[in-house]
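Each residue of the sequence shown is one higher than the one before, starting from 125 at the first, in this note's numbering.
Glycine residues also receive a C-beta, built at the ideal position from the N, C-alpha and C atoms.
Keep in mind it's a predicted model, so treat the numbers as computed, not measured.
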Amino acid sequence: MNTQPKTTSKKTKSQAKLSDNKKKPTELDPTLVPSQTDIDLVRSSWERVIETQHPSDEDGVSPAQAFGLVFYAALFHLDPHIRPLFDGTNVMIQAKMLTFVIGCLVRAPMVIQRRGPTLKEISTTPTGAEDMEGLAAKIRELGARHHFYNVEPAHFQLVGPAVDMALRERLKHEYTDAIGQAWLRTHAFVAHHMAMGLLAQRKWEKRKWFQRPASSGSHCSLQ
Numbered sequence: 125m126n127t128q129p130k131t132t133s134k135k136t137k138s139q140a141k142l143s144d145n146k147k148k149p150t151e152l153d154p155t156l157v158p159s160q161t162d163i164d165l166v167r168s169s170w171e172r173v174i175e176t177q178h179p180s181d182e183d184g185v186s187p188a189q190a191f192g193l194v195f196y197a198a199l200f201h202l203d204p205h206i207r208p209l210f211d212g213t214n215v216m217i218q219a220k221m222l223t224f225v226i227g228c229l230v231r232a233p234m235v236i237q238r239r240g241p242t243l244k245e246i247s248t249t250p251t252g253a254e255d256m257e258g259l260a261a262k263i264r265e266l267g268a269r270h271h272f273y274n275v276e277p278a279h280f281q282l283v284g285p286a287v288d289m290a291l292r293e294r295l296k297h298e299y300t301d302a303i304g305q306a307w308l309r310t311h312a313f314v315a316h317h318m319a320m321g322l323l324a325q326r327k328w329e330k331r332k333w334f335q336r337p338a339s340s341g342s343h344c345s346l347q
């Protein structure tokens, strides 16, 4: 999921070159692939999240954005040390980006001016192995981009519990253990492939650094 904290790199996202190995086909670990039941629960519960406005929500804040704000509050509660990664960033913008990414992942209707799939369509559209492989590749690319934000693989493990806390608050009595477990299992798949992409990018950057041509004045010799 795209949390995108601040970057200290001189490169912008458009300038940064991503490693190619995240795009290569990889055999999916069957123990990490969420079941169709999990995917259906994630999709249907997310649809409920984005259509449920609470009286306590601030004016002008959509349900999806409110979820994102709760998510970041939970994330910072779980690990206050990661807050500096977000210094100088607008949490509302990050919340919008987070919920957009979740919406893309679950193929639920987003808060935009075009029609999304209905709950019936979501529930009856299976996700095959080919879809999961394509999704895994996109998630690895997303993980690779987080290299430029000084994110560590362990940070991805915090996302699942933070999402669960946000779901509990936004769904209220509609939250069930089955929904929570479905999201956690789906997150395990996402976190695994984001970490793969991040580590692949880190390895690629390190190899590129060692392979850079030496400048004429940078050599040293033993006297």
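Item to check | Contacting residues, own chain, Cβ-Cβ under 6 Å from L200 (five flanking each side not counted) | outcome: For this step, residue 200 is matched to residue 76 along the sequence shown. A quick correction: the sequence has Phe, not Leu, at residue 200. Taken in chain order, the residues that qualify are R207.
Next on the checklist: Can you give me the C-alpha to C-alpha distance between E329 and Q335, rounded to a whole angstrom?
Outcome noted: Reading the sequence shown from its first residue, position 205 is the one you call residue 329. Reading the sequence shown from its first residue, position 211 is the one you call residue 335. Going from the Cα of E329 to the Cα of Q335 covers about 10 Å.
Next on the checklist: Check for me: the alpha helix (DSSP H) holding K327 runs from which residue to which?
Outcome noted: Here residue 327 is taken as the residue at index 203 of the sequence shown, counted from 1. Note, K327: alpha helix (DSSP H), D301 to Q335.
Next on the checklist: Residues in the same chain with beta-carbon distance under 7 Å from V215, minus the five sequence neighbours each way, listed in chain order, please.
Outcome noted: The residue labelled residue 215 in the question sits at position 91 within the sequence shown. Around V215: L193 and Y196.
Checklist entry - Hey, H205 and A190: beta-carbon distance below 9 Å or not? => result Sequence index remark: in the sequence shown, residue 205 carries index 81 (1-based). Sequence index remark: in the sequence shown, residue 190 carries index 66 (1-based). Result no, Cβ atoms of H205 and A190 do not sit closer than 9 Å.
Item to check | Beta-carbon gap between S169 and W307 smaller than 9 Å | outcome: Numbered from its first residue, the sequence shown carries residue 169 at position 45. Numbered from its first residue, the sequence shown carries residue 307 at position 183. For S169 and W307, yes; Cβs fall inside 9 Å.
Item to check | Cα-Cα separation, G184 to I174 | outcome: As a first step, residue 184 must be located in the sequence shown, where it is residue number 60. As a first step, residue 174 must be located in the sequence shown, where it is residue number 50. Going from the Cα of G184 to the Cα of I174 covers about 14 Å.
Item to check | Assumed close pair A319, L165 - CB separation to whole angstroms, cut-off 8 Å | outcome: By one-based count along the sequence shown, residue 319 stands at place 195. By one-based count along the sequence shown, residue 165 stands at place 41. Actually they do not touch by this definition, with Cβ atoms about 24 Å apart.
Next on the checklist: Our contact map puts I282 next to D203 with C-beta atoms below 8 Å; I'd like the distance itself, whole angstroms only.
Outcome noted: On the sequence shown, residue 282 is found 158 positions in, with the first residue counted as 1. On the sequence shown, residue 203 is found 79 positions in, with the first residue counted as 1. Note on identity: in this sequence residue 282 is Leu, with Ile being the wrong assignment. Contact flag correct, Cβ pair sits at about 6 Å.
Checklist entry - When burial is assigned at 16 or more other CB atoms within 10 Å of the CB, is P154 buried or exposed? => result One-based indexing of the sequence shown puts residue 154 at position 30. The residue in question, P154, is exposed, as its Cβ has fewer than 16 Cβ neighbours within 10 Å.
Item to check | Whole-number beta carbon distance between L156 and A278, since they are thought to touch under 8 Å | outcome: Locating residue 278 in the sequence shown gives position 154, where the first residue counts as 1. Locating residue 156 in the sequence shown gives position 32, where the first residue counts as 1. Contact doesn't hold; Cβ gap of about 17 Å is too wide.
Next on the checklist: Within a Cβ cutoff of 8 Å, which residues of the same chain sit near H271, ignoring the five residues on either side of it in sequence?
Outcome noted: Working through the sequence shown from its first residue, we reach residue 271 at position 147. For H271, where only same-chain residues beyond five positions count, the Cβ hits under 8 Å are L322, Q325, R326 and E329.
Checklist entry - With DSSP run on the structure shown, which of helix, strand or coil describes P277? => result Sequence index remark: in the sequence shown, residue 277 carries index 153 (1-based). Note: P277 maps to helix in three-state DSSP.
Item to check | Whole-angstrom distance between T310 and I163, CA atom to CA atom | outcome: For this step, residue 163 is matched to residue 39 along the sequence shown. For this step, residue 310 is matched to residue 186 along the sequence shown. Computed Cα separation, rounded: 7 Å.
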